[in-house]
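To keep things clear, I will list the structure first and then write my remarks on it.
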Amino acid sequence: MSSTPQKSAIVQQRRLLFACVTVAFGSMLFGYDSGVMGAAIVLPSFDLKFGLEGSALQIAKVGSNVTSYLTAGSITIAPFAGLMAYYLGRRTTLVMSALCLLIGSIVQVTAGSVHQLYGARCKSAYRPLSPPIPQGLIFFPFLFSVVAGLGVGGSLQMIGMYISEITPPKLRGHAVTLVMVMIYVGSLFSYWISFGTTRHLPLTSDAQWRILFGFQVLLSGLFLIGLMFVPESPRYQAVQQVNAEKKLREQGLPIPPRFPGSARRSDSEKVLDEKTDNNSSDAASTLSHGAAETVPFHPSYASVLFPSRKLADASPAIATLAYIRDLPATDSSVKAEMAEIYAQIDELAAEREKESMLKSAMKPANLKRFLIVIFCGTWQSWSGITALIYYAGTVFASLGLSSTNVSLLAGGIYSVVTLCSATLAALWGISMWGRIRGAQTAGLLLAIIFFTIAAISATHPVNPLSPTVTAASIVTVVLIYFVGIIVTLVLGPILYVYPTEIFPMGLREAGQAVSLMATWVHAFLGAKYITIGMAAIGWKFWLVFGCTNAVCLIIYGFCPETSGKTIEEIDILFGGVSAEERDAHVQERLREAKVSVQAPTTV
């Protein structure tokens, strides 16, 4: 069967675009939350409310407590995110995360809640508030701040995994990079809203920081509503289909077909076992013999968004894939893509019959994947970008921009610069230089820049009492902008995309759980100790970022290049299966689907 005539690019991808943008909107909440903490701790009203005073080290400890506590919920949810994705699905997990975000945000911004919350977070470092807050009242809002953290942690990596599963290889890097764009959109909102409140509201007004936290309620609500119109991942549905087939087979019940117009699975499997001729047309005629059924396939908007829990006469996975691609389910390109997906899932199902998931995860090919995602989470947090996401205002103040308005303005300009570079990365950058070469080049440039900042800061120390902005301060601020450009244009997108695409379907949930844990543990450590380190050892802390990038760019060279390859083809790169075995399995599924085309070329 020939493929359906091509529509214009935008029209053809409109459903894919809507799903990617809607799901990526959740990452804007992470960017906003991260930025809003860094913006709030330099507001005079916030300092006044919570008694922020003392030495630079004491203030740094308080700020780190305020910023890092929300990540506690994210770390808590990380081990369970993969289980939720496996048993509940990608979409349901995202909906639950959005609910946690909404509930946590509402409770925090409710009258008195934010006061109690930050009193609890900062009690050990601030002078006692007057009057003291009862311990019972402190725990309740703190609990809901952790609930909000559950939402952030549960959604961030799930967003990348979902997008990577619904996007074709040529667009996957661009689509997943959209997550990074939305993070910086959220950061931009936080700094410019904060700058606006300092310009137009009294310095002692609680509305300065309450407006910041209240805006998160609106974003969470929009995210939750948008998810109602996003379909489940077809790859997840395919896994569920294979699991259901196993149960039906054990019970001796007939197995519905996977493809429209094909035989039931029990009949087609028998045919494939008996068939030795690889001619696709002969196989197709044999498949259509006997008990074969022609299945009407007209996936509607409602049927894809709200599929029946029961196993239908044909796979809901192909219905969803056809819906996202905006093509008929009988289109040969849809069938070919689905055949490759089923081939990998069937391989993993057969493997799972012989060994447990834990034993499979400990194989050299899979163990390498787990080590890579841990490494990516470490490099991402300690490349220097964590300091700028959470503490841009504080960093600029430490470099000589001591005025509140000036430091917030510098942070706002920084958010615009990083948003522009992240947008360029989403449009063309990540595919232009590949995953490995791009990350290594970025790591080298970052190492040079951070060593330069350390040298300038050591030879031209900042006088915090001087209102004058020195030439050395201007140079270091410009270098920080270059750090933001390099990270958001090259390194950040690569380190976010790479972990979402290297795991096979049978280990994707476990892989994302490990990736999520590594990312949030290091994000917590960075949020907790970066400003403390800067206050304690000054310019020497910039050497930490320089050395981290220098070491990591060398290690990353041992990772395989994945640009332009399907998730199933990447499995071959890691040695999970040979190219010959995969090609044979794909050809079987193509014959089952009655598609007389060659399988996608593998490496």
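For any residue, its number in the numbering used here is found by taking its place in the sequence shown, counting from 1, and adding 829. The C-beta atom is built at its ideal place from N, Cα and C for all residues, glycine as well.
DSSP state of residue 1160 mapped onto helix, strand, coil: What you label residue 1160 is simply residue 331 of the sequence shown in a count that begins at 1. DSSP places residue 1160 in coil when its eight states are reduced to three.
Residues near residue 1306 by beta carbon distance below 6 Å, same chain, minus five either side: One-based indexing of the sequence shown puts residue 1306 at position 477. For residue 1306, where only same-chain residues beyond five positions count, the Cβ hits under 6 Å are 1228.
Using the Cα positions of residue 1355 and residue 1034, report the straight-line distance between them to the nearest angstrom. For the purposes of this step, residue 1355 is taken as residue 526 along the sequence shown, with counting starting at 1. For the purposes of this step, residue 1034 is taken as residue 205 along the sequence shown, with counting starting at 1. Spanning the alpha carbons of residue 1355 and residue 1034 requires a straight line of approximately 30 Å.
Distance between residue 998 and residue 1024 (C-alpha atoms, nearest Å): For the purposes of this step, residue 1024 is identified with residue 195 of the sequence shown, where counting begins at 1. For the purposes of this step, residue 998 is identified with residue 169 of the sequence shown, where counting begins at 1. Taking the straight line joining both Cα atoms gives about 40 Å.
What residue does the alpha helix (DSSP H) around residue 1208 start on, and which one ends it? On the sequence shown, residue 1208 is found 379 positions in, with the first residue counted as 1. 1193–1211 is the span of the alpha helix (DSSP H), which, as asked, contains residue 1208.
Between residue 1150 and residue 1167, is the Cβ-Cβ spacing less than 8 Å? Here residue 1150 refers to the residue found at position 321 when the sequence shown is read from its first residue. Here residue 1167 refers to the residue found at position 338 when the sequence shown is read from its first residue. Cβ atoms of residue 1150 and residue 1167: closer than 8 Å.
Straight-line gap, residue 1208 to residue 1177 (C-alpha atoms, nearest Å): Numbered from 1 along the sequence shown, position 379 holds the residue referred to as residue 1208. Numbered from 1 along the sequence shown, position 348 holds the residue referred to as residue 1177. Roughly 31 Å separates the two Cα atoms.
Under DSSP, the alpha helix (DSSP H) around residue 1286 begins and ends at which residues? Residue 1286 sits at position 457 when you count from the first residue of the sequence shown. Per DSSP, residue 1286 belongs to the alpha helix (DSSP H) from 1264–1288.
If we count Cβ pairs, one from each stretch, closer than 8 Å, do we get three or more for the stretch 1392–1402 versus the stretch 1324–1339? These segments touch.
Suppose contacts are defined by Cβ-Cβ distances below 8 Å. Is residue 1045 in contact with residue 862 by that definition? Position 216 of the sequence shown, counting from 1, holds the residue named residue 1045. Position 33 of the sequence shown, counting from 1, holds the residue named residue 862. A contact, by the Cβ cut-off of 8 Å.
Mapping DSSP to helix, strand and coil, what is residue 1175? Here residue 1175 corresponds to residue number 346 of the sequence shown, with the count starting at 1. It is helical.
Please report how far the alpha carbon of residue 1343 lies from the alpha carbon of residue 908, in whole angstroms. Taking the sequence shown and counting its residues from 1, one reaches residue 1343 at position 514. Taking the sequence shown and counting its residues from 1, one reaches residue 908 at position 79. Distance between the alpha carbons of residue 1343 and residue 908: 7 Å.
From 1170, 1263, 1066, residue whose alpha carbon lies closest to that of residue 1411: Position 582 of the sequence shown, counted from the start, is the residue given in the question as residue 1411. It is 1170.
Relative to the alpha-carbon of residue 1391, which residue among 1071, 1239, 1324 has its alpha-carbon at the smallest distance? Here residue 1391 is taken as the residue at index 562 of the sequence shown, counted from 1. Among 1071, 1239, 1324, the Cα nearest to that of residue 1391 belongs to 1324.
In angstroms, rounded to a whole number, what distance separates the CA positions of residue 1368 and residue 1315? In the sequence shown, the residue the question calls residue 1368 occupies position 539. In the sequence shown, the residue the question calls residue 1315 occupies position 486. Going from the Cα of residue 1368 to the Cα of residue 1315 covers about 21 Å.
Within the same chain, show all residues whose beta-carbon is closer than 6 Å to that of residue 1070, passing over the 5 residues directly before and after it, in chain order. Translated into positions along the sequence shown, residue 1070 becomes position 241. Closer than 6 Å at Cβ, skipping near neighbours: 1144, 1146.
Nearest to residue 1266 (by Cα), restricted to the options 1384, 1182, 926: Counting from one through the sequence shown, the residue named residue 1266 turns up at place 437. Considering only alpha carbons, the answer is 1384.
Select from 1290, 1298, 1247 the residue whose C-alpha is nearest the C-alpha of residue 1320. Start at 1 with the first residue of the sequence shown, and residue 1320 comes out as number 491. Out of 1290, 1298, 1247, 1247 has the C-alpha closest to the C-alpha of residue 1320.
Give the C-beta separation of residue 1374 and residue 1213 to the nearest angstrom, bearing in mind that I take them to be a contact with Cβ-Cβ under 8 Å. One-based indexing of the sequence shown puts residue 1374 at position 545. One-based indexing of the sequence shown puts residue 1213 at position 384. Contact flag correct, Cβ pair sits at about 4 Å.
6 Å Cβ shell around residue 1251 - same chain, five flanking residues per side excluded: For the purposes of this step, residue 1251 is taken as the residue at position 422 of the sequence shown. Correct list, in chain order: 1009, 1010, 1013, 1317.
Can you tell which of 1225, 851, 1039 has its C-alpha closest to the C-alpha of residue 991? Within the sequence shown, the letter at position 162 stands for residue 991. Minimum Cα-Cα distance from residue 991 among the listed residues 1225, 851, 1039 corresponds to 851.
Candidates 1074, 916, 1281: closest to residue 1179 by CA position: If you number the sequence shown from 1, residue 1179 lands on position 350. Nearest option by C-alpha distance: 1074.
Is the number of C-beta pairs between the stretch 1052–1072 and the stretch 921–938 that are closer than 8 Å three or more? yes
CB-CB length for residue 1313 against residue 1243, believed under 8 Å: Position 484 of the sequence shown holds residue 1313. Position 414 of the sequence shown holds residue 1243. The distance from the Cβ of residue 1313 to that of residue 1243 is about 6 Å, consistent with a contact at the 8 Å cut-off.
Per-residue DSSP class, three states only, for residue 1254: Looking up residue 1254 in the sequence shown gives position 425. In the structure shown, residue 1254 adopts helical secondary structure according to DSSP, grouped into three states.
Find out if the Cβ-Cβ distance for the pair residue 904, residue 1350 is shorter than 8 Å. The count along the sequence shown starts at 1 and reaches residue 904 at position 75. The count along the sequence shown starts at 1 and reaches residue 1350 at position 521. In this structure, residue 1350 lies closer than 8 Å to residue 904 by Cβ.
Taking its Cβ as the centre, do 16 or more other Cβ atoms sit within 10 Å of residue 1290, making it buried, or is it exposed? Against the sequence shown, residue 1290 aligns to sequence position 461. Under this definition residue 1290 is an exposed residue.
With a cut-off of 8 Å on the beta carbons, I'd call residue 1340 and residue 1224 a contact; round off their distance for me. In the sequence shown, counting from the first residue as 1, residue 1340 sits at position 511. In the sequence shown, counting from the first residue as 1, residue 1224 sits at position 395. With a Cβ gap of about 33 Å, residue 1340 and residue 1224 do not count as contacting.
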